[in-house]
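Engineer:
Protein chains: 2
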Amino acid sequence: MPSLEEQLSVLMRGVQEVVPENELAKKIQKSIDTGVPLRIKLGVDPTAPDIHLGHTVVMRKLRQFQDLGHQVVLIVGDYTAMIGDPSGRNSTRPRLSHEQVMENAKEYQEQFFKIVNREKTEIRYNGDWFSKMSFNKVTELAGSITVAQMLERKDFKTRYTNAQEISVHEFLYPLMQGYDSIEIKSDVELGGTDQKFNVLRGRDLQQREGMEPQIGLFMPILLGTDGEQKMSKSFGNYVGINETADTMFHKVYNIADNLTESWFELLTDKPKSEFSDLIKKDILQAKRVLALDIVSQYYDAAAAEAAAEREKAIHSGNELPSDTPEVKLAAGNYGILDLLISIGAFASKGEARRMIQNSGVKISGRIVSDFNEQLMIDNEAVVQVGKRKFYRVVLISTLL
Amino acid sequence: MPSLEEQLSVLMRGVQEVVPENELAKKIQKSIDTGVPLRIKLGVDPTAPDIHLGHTVVMRKLRQFQDLGHQVVLIVGDYTAMIGDPSGRNSTRPRLSHEQVMENAKEYQEQFFKIVNREKTEIRYNGDWFSKMSFNKVTELAGSITVAQMLERKDFKTRYTNAQEISVHEFLYPLMQGYDSIEIKSDVELGGTDQKFNVLRGRDLQQREGMEPQIGLFMPILLGTDGEQKMSKSFGNYVGINETADTMFHKVYNIADNLTESWFELLTDKPKSEFSDLIKKDILQAKRVLALDIVSQYYDAAAAEAAAEREKAIHSGNELPSDTPEVKLAAGNYGILDLLISIGAFASKGEARRMIQNSGVKISGRIVSDFNEQLMIDNEAVVQVGKRKFYRVVLISTLL
Chain A
1 MPSLEEQLSV LMRGVQEVVP ENELAKKIQK SIDTGVPLRI KLGVDPTAPD
51 IHLGHTVVMR KLRQFQDLGH QVVLIVGDYT AMIGDPSGRN STRPRLSHEQ
101 VMENAKEYQE QFFKIVNREK TEIRYNGDWF SKMSFNKVTE LAGSITVAQM
151 LERKDFKTRY TNAQEISVHE FLYPLMQGYD SIEIKSDVEL GGTDQKFNVL
201 RGRDLQQREG MEPQIGLFMP ILLGTDGEQK MSKSFGNYVG INETADTMFH
251 KVYNIADNLT ESWFELLTDK PKSEFSDLIK KDILQAKRVL ALDIVSQYYD
301 AAAAEAAAER EKAIHSGNEL PSDTPEVKLA AGNYGILDLL ISIGAFASKG
351 EARRMIQNSG VKISGRIVSD FNEQLMIDNE AVVQVGKRKF YRVVLISTLL
Chain B
1 MPSLEEQLSV LMRGVQEVVP ENELAKKIQK SIDTGVPLRI KLGVDPTAPD
51 IHLGHTVVMR KLRQFQDLGH QVVLIVGDYT AMIGDPSGRN STRPRLSHEQ
101 VMENAKEYQE QFFKIVNREK TEIRYNGDWF SKMSFNKVTE LAGSITVAQM
151 LERKDFKTRY TNAQEISVHE FLYPLMQGYD SIEIKSDVEL GGTDQKFNVL
201 RGRDLQQREG MEPQIGLFMP ILLGTDGEQK MSKSFGNYVG INETADTMFH
251 KVYNIADNLT ESWFELLTDK PKSEFSDLIK KDILQAKRVL ALDIVSQYYD
301 AAAAEAAAER EKAIHSGNEL PSDTPEVKLA AGNYGILDLL ISIGAFASKG
351 EARRMIQNSG VKISGRIVSD FNEQLMIDNE AVVQVGKRKF YRVVLISTLL
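Chains A and B, in that order, are what the protein sequence lines are.
At position 164 of the first sequence the residue is numbered 164 (the numbering used here), and the sequence of numbers has no breaks.
At position 187 of the second sequence the residue is numbered 187 (the numbering used here), and the sequence of numbers has no breaks.
(1) Roughly how far, in whole angstroms, is the beta-carbon of A:L38 from the beta-carbon of A:Q71, given that I think they are within contact range, below 8 Å?
(2) As a quick exercise: from B:V36, B:E165, B:F346, B:M82, pick the residue whose alpha carbon is nearest that of B:E401.
(3) Could you list which residues in chain B have their beta carbon closer than 7 Å to that of A:S134, in chain order?
(4) With a threshold of 8 Å between beta-carbons, can A:A330 be considered close to chain B, or not?
(5) Run through DSSP, which three-state label would B:A345 get?
(6) Rounding to the nearest angstrom, what Cα-Cα distance links B:Q111 and B:D50 in this structure?
(7) Count the other CB atoms within 10 Å of the CB of B:S273; is the residue buried (16 or more) or exposed (fewer)?
(8) If you measure between the beta carbons of A:V382 and A:R392, is that distance less than 8 Å?
(9) Identify the contact partners of A:V147 in chain B, using a Cβ-Cβ distance below 9 Å as the criterion.
(10) Considering only residues of the same chain and omitting the five flanking positions on each side of B:E265, which have a CB-CB separation below 6 Å?
(11) Starting from A:V138, find everything on chain B with Cβ-Cβ shorter than 7 Å and list it in chain order.
(12) Given this structure, state the Cα-to-Cα distance separating B:L175 from B:K185, to the nearest angstrom.
(13) How about B:Y79: is its C-beta nearer than 8 Å to some C-beta of chain A?
(14) Using the Cα positions of A:L376 and A:S234, report the straight-line distance between them to the nearest angstrom.
(15) Just mark B:A331 as buried or exposed, buried being the case when its beta carbon has 16 or more other beta carbons within 10 Å.
(16) Based on the DSSP secondary-structure assignment, which residues constitute the bridge partners of B:Q16?
(17) Measure the CB-CB distance between B:S322 and B:T244 and report whether it falls below 8 Å.
(18) Who are the near neighbours of A:Y160 in its chain, counting only those whose CB is closer than 7 Å to its CB and skipping five residues on each side?
(19) Quick test of your reading: A:L320 and A:V18, contact by CB under 8 Å. State the CB separation rounded to the nearest angstrom.
(20) Give the DSSP-derived three-state secondary structure of A:G224 in the structure shown.
(21) What does a CB cutoff of less than 8 Å around B:S276 pick up in its chain, not counting 5 residues either side in sequence?
(22) Could you check where the beta strand (DSSP E) with B:M376 kicks off and where it finishes?
(23) My assumption, with CB atoms under 8 Å, is that A:A286 sits in contact with A:I279. Please give the rounded CB distance.
(24) Just to check, is the beta-carbon of A:T324 closer than 7 Å to a non-hydrogen atom of the ligand SAH?
(25) Note down, in chain order, each residue of its chain lying with its Cβ closer than 8 Å to the Cβ of A:K27, except the 5 sequence neighbours on either side.
(26) Can you give me the start and stop residues for the beta strand (DSSP E) that B:L96 sits inside?
(27) Whole angstroms is fine: what's the gap from B:G344's alpha carbon to B:V368's?
(28) Ordered along the chain, which non-local residues of its own chain (more than five positions away) have a Cβ less than 6 Å from that of B:K251?
(29) For the candidate residues A:L340, A:L223, A:E183, whose alpha-carbon lies nearest to that of A:E209?
(30) Could you pull the DSSP bridge partners for B:Q384 from this structure?
(31) Once the 5 residues before and after B:T80 are set aside, which same chain residues still bring their CB inside 7 Å of it?
(32) With a Cβ-Cβ cutoff of 8 Å, do A:L68 and A:Q7 count as a contact?
(33) Which residues in the same chain as B:S105 place their Cβ atom closer than 7 Å to its Cβ, once the five residues preceding and following it in sequence are excluded?
(34) Between which residues of its own chain and B:F346 is the CB-CB distance below 6 Å, once the five residues before and five after are set aside?
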């Protein structure tokens, strides 16, 4: 096993918080002294099986623990998923059926093991213990915490204060997640910072059972490609790990500039010395290196290079991104503003006019300068809006 | 089956509230039309097995339903008792073991069936369903209500506002009580007014199951012998139904005057026309009639008359109540004030002095008029304070 210093230097990269802070080094030292690997817990409720780069921040940390010789335990929350983690939510989740959850779980694992080493992972389903748990034991769990403590949790507090509904069953979720830690005897539980309350429940319940309590290691929440909100499918600012190399490269290469440093730190193994200067000197080159690194993790270096080439062709106007939408129009004369609105590029003529005035609209490579222009559409055309939005206009046959 | 009017006139006696008010008559009429008796639920958690007259208010109502042909279902909360009903509590109840609960349940039923007809009662233990209930079903129950709704319940609200702890498991109790109603398909649930929230949970859960919901019939809380606080063992103002005929008669005969009317209404079948006038004309005679009636319910008319005779002897100073405490003193000379304090009749000399000035202290039948009096105690003596407090003073042998 690597030394304590080596382990900490790998494991602490990108970490937002360790609770309690002083116990991680002790646990690692004990593991080195005894030769017994630490048990590193990650609990996932496969409510939606699509993994994006935001999820991989924690998974990459698991992989680092594995590479240092520790034991990862993945808890598939087949039972808890039926309740749905209320963490960070502002409304009650819909309940899922067990079949849905198990189907999701299968898809989830296929993606999960692109990052985490399958051979070095113990997989547990929490239905194994919760399906057998008596009502009496449930009340014992529920008796471990007060209503006031629950309502101190930030998202619950906000909802309660704003008179948004909190269903009583949502109070059971953190206790179930906590109980998982007793079952698998975890030493460290990983999670995003929004998991702090739940992870501390595990610590509390383990102590009540007379066990050495786990510590919580919390990773920051990754911002999405827009650089403003957390990465989430529902915000449309995500990079899915099942996307094509081209799409993945394209999305990463075009992220908001301010993300570049944190994405390097959280999504690659590159030393800080390598990327810090590059970001300052040449942000586009830095994003290219970042995108190459990330795409290589899910494909290979050759695929990444090929994607980089295609991205270059797109930016020089020679090629369209693979996800360019196709819009069907009848041949004929169109006012440029009407055209832009009918293909869905703008919601109002005012917006379209401003973009034309800023030289931001091209038709098949030619910059449009007059917003009163009439266009004869009698063949395929490519409409480009700003740097990155493309529309392929094709003709509806009029000979039907 | 008796007519709707007859049934309502019996059943509505003493009732504080029916929720919803208009449904009781409908349920009874339907039962008359179909010949199917109503299922009348009472749930009890035998946490403490001693039944006093306060508990009998609801039991007598059950008996009335039985006498009208309806089916009583007694739910012994062997499972819920392990949690403990938080209703009206200002702190979390200690959890009881199943053995303790079952032992209590046995004692409880022996007393319960002094009032309710055993032959016409279906007894169910809620452990039958809760011991088999899955965690998943528990979360479904918990999902039927919000935290805000729970915190609207008066006792929870008070505790939450006063920063007194409410354990999360206490939120499960009303849902369990409610679920009992689904299992036994109750039409009416009886309870004290402090049970309103829980009984309405049953109504709500039955509706969610697509059942015709039960209605709640709430009896007032009986005040204890002091006429101030609710009857309760812990306030010392109770009349236990296992007490001797003499003690029972003595306690009832000596209740605060203002209780007489409500006790007649809630604890006897006497028509209001009989007791109303009597109370106005001769309160002592009214209380004598009340005590005779109540004692006759648990013993018989002869035992009640005998108890009345002994009570009369006590009031005329010829006999002591059977529960008179015996106080042991060494023979010798005592100042009257010291004596009254050493036997525990008063906490301070000031109080004792005032009582003597009001001619409220007798020694063996003689009114004490001088609070400086010295008494030679060389034989047994009876100290009487006010009308109803007696102490039997006996000598400690000094010849040891």
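Note that the Cβ used here is the ideal one computed from N, Cα and C, for glycine as well.
Please read these numbers as outputs of a predicted model, since none were measured by experiment.
Structural biologist: In brief:
(1) Translated into positions along the first sequence, residue 38 of chain A becomes position 38. Translated into positions along the first sequence, residue 71 of chain A becomes position 71. Their Cβ separation, rounded to whole angstroms, is 7 Å, which keeps A:L38 and A:Q71 in contact under 8 Å.
(2) Residue 401 of chain B falls outside the range modelled here, since chain B spans only 1 to 400, and no answer is possible.
(3) Translated into positions along the first sequence, residue 134 of chain A becomes position 134. Per Cβ cutoff of 7 Å: S131.
(4) In the first sequence, the residue the question calls residue 330 of chain A occupies position 330. Closer than 8 Å: no.
(5) Within the second sequence, residue 345 of chain B is the residue found at index 345, counting from 1. The answer is coil: DSSP assigns B:A345 none of H, G, I, E or B.
(6) Here residue 111 of chain B refers to the residue found at position 111 of the second sequence. Here residue 50 of chain B refers to the residue found at position 50 of the second sequence. Looking at the two C-alpha atoms, the distance is approximately 8 Å.
(7) Here residue 273 of chain B is taken as the residue at index 273 of the second sequence, counted from 1. Flag for B:S273 reads exposed.
(8) Within the first sequence, the letter at position 382 stands for residue 382 of chain A. Within the first sequence, the letter at position 392 stands for residue 392 of chain A. Against a cut-off of 8 Å, the Cβ pair of A:R392 and A:V382 comes out as a contact.
(9) Looking up residue 147 of chain A in the first sequence gives position 147. Ordered by position in chain B, the residues that pass the 9 Å Cβ test against A:V147 are V147, M150, L151, F156, R159, Y160, E165, I166, S167, V168, E170, F171.
(10) Locating residue 265 of chain B in the second sequence gives position 265, counting from the first residue. The residues are G14.
(11) In the first sequence, the residue the question calls residue 138 of chain A occupies position 138. Per Cβ cutoff of 7 Å: F135, V138.
(12) Locating residue 175 of chain B in the second sequence gives position 175, where the first residue counts as 1. Locating residue 185 of chain B in the second sequence gives position 185, where the first residue counts as 1. B:L175 and B:K185: Cα-Cα distance of roughly 15 Å.
(13) Residue numbering aside, residue 79 of chain B sits at position 79 when the second sequence is read from its first letter. Cβ-Cβ to chain A under 8 Å: yes for B:Y79.
(14) In the first sequence, residue 376 of chain A corresponds to position 376, counting from 1. In the first sequence, residue 234 of chain A corresponds to position 234, counting from 1. A quick correction: the sequence has Met, not Leu, at residue 376 of chain A. Taking the straight line from one Cα to the other gives about 38 Å.
(15) As a working note, residue 331 of chain B is residue 331 in the second sequence. Label assigned to B:A331: exposed.
(16) Locating residue 16 of chain B in the second sequence gives position 16, where the first residue counts as 1. Per DSSP, none; premise fails for B:Q16.
(17) Looking up residue 322 of chain B in the second sequence gives position 322. Looking up residue 244 of chain B in the second sequence gives position 244. Closer than 8 Å, so yes.
(18) Taking the first sequence and counting its residues from 1, the one referred to as residue 160 of chain A is at position 160. Only L151, I166 meet the Cβ criterion.
(19) By one-based count along the first sequence, residue 320 of chain A stands at place 320. By one-based count along the first sequence, residue 18 of chain A stands at place 18. Not really, about 46 Å apart at Cβ, beyond 8 Å.
(20) What you label residue 224 of chain A is simply residue 224 of the first sequence in a count that begins at 1. Here A:G224 sits in coil by DSSP.
(21) The sequence position of residue 276 of chain B within the second sequence is 276, counting from 1. Excluding residues within five positions, the ones whose Cβ falls inside 8 Å are E261.
(22) Within the second sequence, residue 376 of chain B is the residue found at index 376, counting from 1. From DSSP, the beta strand (DSSP E) with B:M376 extends over 374–377.
(23) Numbered from 1 along the first sequence, position 286 holds the residue referred to as residue 286 of chain A. Numbered from 1 along the first sequence, position 279 holds the residue referred to as residue 279 of chain A. About 4 Å; that satisfies the 8 Å criterion.
(24) What this structure holds is no ligand at all, so the ligand SAH is not there to describe.
(25) For the purposes of this step, residue 27 of chain A is taken as the residue at position 27 of the first sequence. So the list reads L38, D187, V188, I215, once near-sequence residues are dropped.
(26) Locating residue 96 of chain B in the second sequence gives position 96, counting from the first residue. First-last for B:L96: undefined, no H or E at that position.
(27) Residue mapping note: residue 344 of chain B aligns to position 344 of the second sequence, counting from 1. Residue mapping note: residue 368 of chain B aligns to position 368 of the second sequence, counting from 1. Whole-angstrom Cα-Cα distance: 17 Å.
(28) On the second sequence, position 251 is the one that residue 251 of chain B refers to. Within the same chain, B:K251 has close Cβ partners T225, V239.
(29) Start at 1 with the first residue of the first sequence, and residue 209 of chain A comes out as number 209. Nearest of A:L340, A:L223, A:E183 to A:E209, Cα basis: A:E183.
(30) What you label residue 384 of chain B is simply residue 384 of the second sequence in a count that begins at 1. DSSP, once it has assigned bridges, lists B:K362, B:F390 as partnering B:Q384.
(31) As a working note, residue 80 of chain B is residue 80 in the second sequence. Excluding positions up to five away in sequence, the list reads D45, N126, Y173, M176, Q177.
(32) In the first sequence, the residue the question calls residue 68 of chain A occupies position 68. In the first sequence, the residue the question calls residue 7 of chain A occupies position 7. Going by C-beta atoms, A:L68 is nearer than 8 Å to A:Q7.
(33) Mapped onto the second sequence, residue 105 of chain B falls at position 105. One detail in the question is off: residue 105 of chain B reads as Ala in this sequence, not Ser. Closer than 7 Å at the Cβ level, and outside the excluded window around B:A105, lie P46, V76, D78.
(34) Residue 346 of chain B sits at position 346 when you count from the first residue of the second sequence. Correct list, in chain order: L340, A352.
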